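Structure first, then comments.
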Amino acid sequence: MMTRIDRLFLLLLAGLVALGSGYNRDFQPVKEPAIEQVQKVTREEVKVEKKAQKNIPDFAAIEDVNKKKSQFFAHVKQMVDEENERLAGIRQEVKMLREKSALHESEEKWLLDMARKFRVDEELKVSDALYDDLLHRADEIPVSLALVQAANESAWGTSRFAVEANNYFGQWCFTPGCGVVPGERPEGATYEVRKFSSLEASVRSYMHNLNTSHHYEGLRELRSKRKSMGHPVTGPVLAQGLYAYSSRGIDYIEELVSMIESNDLLKYDLEKPLTRH
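In numbering that gives the first Met the number 0, the protein residues as written are 0 to 276.
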C-alpha cells in the first residue's frame, strides 16, 4: 500500500513532467488483423452504443449500496475493457508498421491519421519520434482508475449530468449547445458539461482525454516508465498524474486511491497487467 509520502513523490514527478511538456488518400485499407479489429469496432459502434444505452441500470433506484456499486462497476467495466481492447489493437498495428522497411501509401495515411487523432506533433512525419510519441499516447488506462473516476464524477451514475448527458467523467465543452449548462455556472463563464450519445462514448472520450491532453503528460510518463521497468501499470500509480483533473488537487487524487483500495479494484489491474512496451 502506498504511503502519503510515496504519493506526494509520484505527484511531484508527474507535475514536473506535465510542466515540462509543451504540446498540448485513394487506396483500400490495410487488411491486417489489428486494422480489421479497429474497423469492426467502428462498424458496430452505433449498434453497441444503442444496446448499451438501453441496458444502463437506474442506479438511483437501487437502494442497496453494495448492489448499486456492484452493478455500476460491472456496467462501466464492460465499456472500459472494450475501449482498452480497441487501443491495444491500434498499438499492435502501429508496432507492426514500425517493423516494415517501407510503408504502402494507405499504411502511411492510416499512421498519420492516427498521429493526428492522438495529437502527435505533425512536423514529425513518419519517423522514430512519431512512432515513439504515438505509442506513448495510444495506450490503455487501468480499469481501476476509470471505474473510480466514473463513480466519483457521476455520483455512482445518479448525477444530473450522468442521467441527462451520459457524462460520467465531468468533461466540459465550450461550444454553445454542446452540452448541459451547470446550474451553478459562474456568471460570464461559457463552458457546458458535454453531452454524449451513450456511456460508451463518454468512456472513449475520457480515455482519449487522458491520452492526449498536455495536462496529463505526467500520467502518460508514469505509465511509460512503469512499462519500461516491467512493473504493473495500476490505478493508484497513474492517479498521481491527475492533479489537473480537479480543482481539489491532491485531495482528489487521495480520494481516488482510497476508493480503489476500499472497493478492492486493484485486482482488475493485476489480472491483465500492462507490462508490455
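Where a beta carbon is used, it is the ideal one built from N, C-alpha and C, also for glycine.
The model shown is predicted, which means the values in this text are computed figures rather than measured ones.
Could you tell me the boundaries of the alpha helix (DSSP H) in which residue i lies?
i, result
"R225", "E216 to S227"
"R90", "V64 to R97"
"R136", "D127 to R136"
"V192", "Note, V192: premise wrong, no alpha helix (DSSP H); beta strand (DSSP E) at E191 to R193."
"A101", "Element bounds for A101: n/a, residue is neither H nor E."
"G156", "Taken as a continuous stretch (DSSP letters only), G156 belongs to no alpha helix (DSSP H), as it is neither H nor E."
"S261", "I249 to S261"
"V236", "G234 to L237"
"Y244", "It is not in any alpha helix (DSSP H) - Y244 carries neither H nor E in the DSSP assignment."
"H230", "Looking at the DSSP string, H230 is not in any alpha helix (DSSP H), and its letter there is neither H nor E."
Could you give the DSSP three-state label for residue i: helix, strand or coil?
i, result
"W171", "strand"
"V179", "strand"
"L269", "helix"
"A161", "helix"
Using the Cα positions of residue i and residue j, report the straight-line distance between them to the nearest angstrom.
i, j, result
"Q70", "E253", "24 Å"
"Y267", "G187", "43 Å"
"S100", "V142", "36 Å"
"V45", "E107", "The pLDDT assigned to V45 is 45, lower than 50, so where the model puts this residue is not dependable, and the model offers no usable value."
"R247", "R219", "21 Å"
"I259", "I55", "22 Å"
"L269", "A238", "16 Å"
"Q91", "Q170", "29 Å"
"A128", "E121", "11 Å"
Does any residue of chain D have a CB that is nearer than 8 Å to the CB of residue i?
i, result
"D112", "This model lacks chain D altogether, as it is built from one protein chain only."
Please classify residue i as buried or exposed, where buried requires at least 16 neighbouring CB atoms within 10 angstroms.
i, result
"G240", "buried"
"F173", "exposed"
"S126", "exposed"
"P175", "exposed"
"G178", "buried"
"L265", "buried"
"R184", "exposed"
Three or more C-beta pairs closer than 8 Å, one from the stretch 205 to 223 and one from the stretch 95 to 108: is that the case here? no
Are the stretch 104 to 123 and the stretch 154 to 173 touching by the rule of at least three beta carbon pairs closer than 8 Å? no
Three Cβ pairs or more, each shorter than 8 Å: is that satisfied between the stretch 161 to 170 and the stretch 197 to 214? yes
For the 8 Å Cβ check, are there 3 or more pairs between the stretch 61 to 68 and the stretch 188 to 196? no
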